[in-house]
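Encoded as structure tokens, the structure appears first; notes follow it.
Protein chains: 2
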Amino acid sequence: MTEDLYELGSRVAESARVLSRASDAVRVAAVRAAASELRAGAPMILAANEKDLAHGRDAGLTQTALDRLRLDAARIEAMASGLETVAALSDPIGTVVSTDVRPNGLRVTRVRAPLGVVGVIYENRPNVTSDVAGLCVRSANAAFLRGSSSALASNQQIVAALQSGLAAVGLPREAIALVEDTSHETAIAFMRLHEVIDVLVPRGGPSLIASMREHATVPVILDGDGNCHVYIDKDADLDMAERIVVNAKTQRPGVCNAMESLVLHEEIAGPMLDRLGRAMPQVRLLGDQRAQALSSRVEPASDEDFAREFLDLISTVVVVPDLDAALAHIERFSSGHSEAIVTSNPDVAQRFLAEVDAAAVLHNASTRFVDGSELGLGAEVGISTQKLHARGPMGLEALTSIRWVIQGEGQIRS
Amino acid sequence: MTEDLYELGSRVAESARVLSRASDAVRVAAVRAAASELRAGAPMILAANEKDLAHGRDAGLTQTALDRLRLDAARIEAMASGLETVAALSDPIGTVVSTDVRPNGLRVTRVRAPLGVVGVIYENRPNVTSDVAGLCVRSANAAFLRGSSSALASNQQIVAALQSGLAAVGLPREAIALVEDTSHETAIAFMRLHEVIDVLVPRGGPSLIASMREHATVPVILDGDGNCHVYIDKDADLDMAERIVVNAKTQRPGVCNAMESLVLHEEIAGPMLDRLGRAMPQVRLLGDQRAQALSSRVEPASDEDFAREFLDLISTVVVVPDLDAALAHIERFSSGHSEAIVTSNPDVAQRFLAEVDAAAVLHNASTRFVDGSELGLGAEVGISTQKLHARGPMGLEALTSIRWVIQGEGQIRS
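Put into structure tokens, the structure is as follows:
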């Protein structure tokens, strides 16, 4: 199968070269056509999704996993309109990043260029297939996709629809390609295709990330865990704090930008725990001794708990004497995703925003906003928790590289 | 030794955190103080360099390698004044990359932040030690350096001087650190320190790059080979073409931005080969059959030759019927570093500049300009031949990441 993967990869790379020369108008038309084909293909996509769901039930997938896998007419419409949103974004390719004339007269310009082939390994949400493919084609990159086996039939139909969109405007179909062999062995081979793949975005849990660290030879952008903290300062508006904590923890607990850890200033810890007991009784709280002493609802937490991404209605809670202690706790346990403070004190907010080392830092806002659509990117390929190339939600710009264009009149170096 | 490396790494990471909070003024002062200490330490550095050179001669290093290793008063002064140039560059940290107010009132800003710990593996030029360390400290990053064994004594003295500069302004010495165990085993361990190193720049030959692909678990920016082409179009000014080719090939043949491959339009191939025979008789030419037919100086070339980075007074040469054939040859053999065209035809130039996929594309200028100093970066950490994060010469901006700063008034997600 590795042989087949390499051959498919070569065709994807060739398609990327064609795509890199396509005009903005053609790429916009391709993404729009893909949206139409997705709508037209909805019956086949839903039939394939039924098959995946049946296999999933037989294989004992959890209810949460089945929910993530499930498509319906509304979700397909959301995928199609998501593509139209991406089509309407302005072209990142050719954008001038900097321009300079050197003392010797050389004109030096840096312009945005496509990356080439973007590889993505992801789990069972089929909408990732169209989100990623749309962003890639819009930015003149080929999308080389390796979804999970549990969503294979759905992904095959979605990719077929998207490919029809490419074909409708005369672009090569394999600028969007799906790896249909979902074996672990092929995933490893995929991570090692550095002659084909210019960047790999692994969207998955710790075992995927460990495997990627061990085996990948292609450059990687890590879409890692979110152990997101919310720190409630002594000068917080407690109504606002309650609203933000409840939203960050319970609005969608299974996603990476949900709150997993609550840090309370000792002066407001008691009243906040009382409020949260009433406002989100369904959330289990695991805390340090001080939190346990303040509320009988708080069960003991271990260091492993403080480091965990629960993706569930569970949160850790610690009580701290001051901002320094809050910063130290966050520095120790942060996964570098999103960290928030609630305070009315601008100096305290400023220090928090300046000193916390994470992809996103928030003041008086829910961590749930750290998302490509919410932050104006239209959609996202993932949320980078590494510092290299892209950090936080990755939209079109994250799918570009730079070229130096140097124009002279015969200059030579002395 | 791996244990020691990990401990040293932890101290470097801790120093990076301190450095990330240092003001612009303190970082400027540190780099200036490092320049002074380098000048003051010149006698000790030169004595250490004598030792390295003696070992190198005993170990049978080539004359070229010894030249790269050798320091003298002028080279140390160049290192010190290089640091002063870097100190004078404007601070990249905190620069606002984009700013936006969302419909819900959230203020969203992206600001430049340090990467953290920058690891560099490099060969025997000791000036790399101060160039890299200066750029890192200027951009609030720690420099974790692993130079070659042949330059160990020189590097130890240089790093000691630079560390005195840090100490002089109250910054932790280990924001610049040298791995003194230069074994292969420790190099591998270094590539796997992903808990400490935020980005690794390997500056070296194919074996280092292969080893890095196999073993690295830290994110990498590849400083790869330069198989740089110069294409002489039929509409080129032949005087200019001759000047550029001679400069690109002979001004400093041992560096990555030297020309390695010449591509000649058939209409000017004969006269160009005659000119080059006179202008650079010392350069061996290996060519295709058409080039061989035009000049008795051209020896046969293999595909391996067309792909090779000679770093020597050797060049391949091919004769092509048109721009498409030139683009196809370059696409096949390019290492993605720097590719140049000489032509007076603006349409031909435009197509070349738009279609060639390399870090730098040049029109009517020598490939030798693809260099951090020449392009206005002050100095360079290396020249990236990958598309991720940074491409081409890497200066201060390449040593930064981004943070999203999101400010609200209690917004929650609905």
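Chains D and X supply the protein sequences, listed in that same order.
Just so we're aligned: 208 in this note's numbering is position 208 of the first sequence, and the numbers increase by one with no gaps anywhere.
Just so we're aligned: 588 in this note's numbering is position 174 of the second sequence, and the numbers increase by one with no gaps anywhere.
We treat Cβ as the ideally placed atom computed from N, Cα and C, and that holds for glycine.
Quantities reported herein were computed from a predicted structural model and do not represent experimental measurements.
The secondary-structure analysis by DSSP pairs Val18/D with nothing; it has no beta-bridge partner. Around Gln764/X, no beta-carbon contact reaches into chain D at under 7 Å, the shortest distance being about 10 Å.
Asp647/X and His215/D have their C-alpha atoms spaced approximately 44 Å apart. If you ignore the 5 residues before and after Glu745/X, its C-beta comes within less than 8 Å of the C-beta of Val770 and Asp771, all in its own chain and listed in chain order. Within 9 Å of the CB of Phe747/X, no CB atom of chain D is found; the nearest one sits about 14 Å away. In summary, the residues of the stretch 401 to 414 of chain D whose CB is separated from some CB of chain X by less than 9 Å are Ser401, Ile402, Arg403, Trp404, Val405, Ile406, Gln407, Gly408, Glu409, Gly410, Gln411, Ile412, Arg413 and Ser414, in the order they occur in the chain. Taking the Cα of Cys256/D as reference, the smallest distance to any Cα among His229/D, Val218/D and Ser98/D is reached at His229/D.
Counting every other CB atom within 10 Å of its CB across the protein chains shown gives Ser621/X a total below 16, marking it as exposed. Look at Lys663/X: its C-beta is not under 8 Å from any C-beta on chain D. Contact note: Gly806/X reaches chain D through Arg110, Ile402, Arg403 and Trp404, using a C-beta cutoff of 9 Å and chain order.
Across the set Gly530/X, Gly750/X and Leu433/X, the C-alpha of Gly750/X shows the shortest separation from the C-alpha of Thr799/X. Boundaries of the beta strand (DSSP E) around Gly410/D: Thr400 to Gln411. Cβ contact annotation for Val660/X (same chain, cutoff 8 Å, sequence separation greater than five): Leu690, Ala693 and Met694, in chain order.
Closer than 8 Å to the CB of Phe783/X there is at least one CB belonging to chain D.
Under a criterion of Cβ atoms nearer than 9 Å, the residues of chain D adjacent to Gly530/X are, in order, Asp357 and Lys387. For Pro667/X, the closest Cβ of chain D is not nearer than 8 Å. The beta strand (DSSP E) runs of length 3 or more contained entirely in the stretch 75 to 134 of chain D are, from start to end of the chain, 96 to 101, 107 to 114 and 117 to 121. It is roughly 18 Å from the alpha-carbon of Asp303/D to the alpha-carbon of Asp312/D. Listed in chain order, the non-local C-beta contacts of Ala30/D below 6 Å within the same chain comprise Val137, Gly165, Leu166, Val169 and Leu171, local neighbours out to five positions each way being set aside.
At a cut-off of 8 Å between beta-carbon atoms, Ala774/X makes contact with chain D.
For the C-beta of Ile244/D, the chain X residues within less than 7 Å are, from N- to C-terminus, Gly824 and Ile826.
Of all C-beta pairs linking the stretch 770 to 787 of chain X to the stretch 457 to 473 of chain X, fewer than three are shorter than 8 Å, placing the two stretches out of contact. Between Met686/X and Ala655/X, the CB-CB gap stays under 8 Å. Counting other Cβ atoms within 10 Å of its Cβ, His389/D reaches 16 or more and is therefore classed as buried. Using a Cβ-Cβ cut-off of 8 Å, Asn778/X counts as an interface residue toward chain D, since at least one Cβ of chain D sits closer than that to its own. Between Ala773/X and Arg403/D, the C-beta spacing is below 8 Å. The Cβ atoms of Ala449/X and Leu485/X do not sit closer than 8 Å to each other.
The Cβ atoms of Glu123/D and Arg203/D lie closer than 8 Å to each other.
Within the DSSP secondary-structure output, Ser675/X pairs in a beta bridge with His643/X and Thr730/X.
When C-beta distances to chain X are compared with 8 Å, the residues of the stretch 185 to 205 of chain D below that value are His194, Asp198 and Val199, in chain order.
A contact between stretches requires three or more CB pairs, one per stretch, nearer than 8 Å, and the stretch 147 to 162 of chain D fails this requirement with the stretch 103 to 118 of chain D.
Beta-bridge partners assigned by DSSP to Asp637/X: Arg617/X. Think of a sphere of 9 Å around the beta carbon of Asp717/X: no beta carbon from chain D falls inside it, the nearest being about 16 Å out. Taking one beta carbon from each stretch, the stretch 510 to 517 of chain X and the stretch 756 to 765 of chain X have fewer than 3 pairs nearer than 8 Å; the two do not touch. Going by C-alpha positions, Ser729/X is about 19 Å away from Val784/X.
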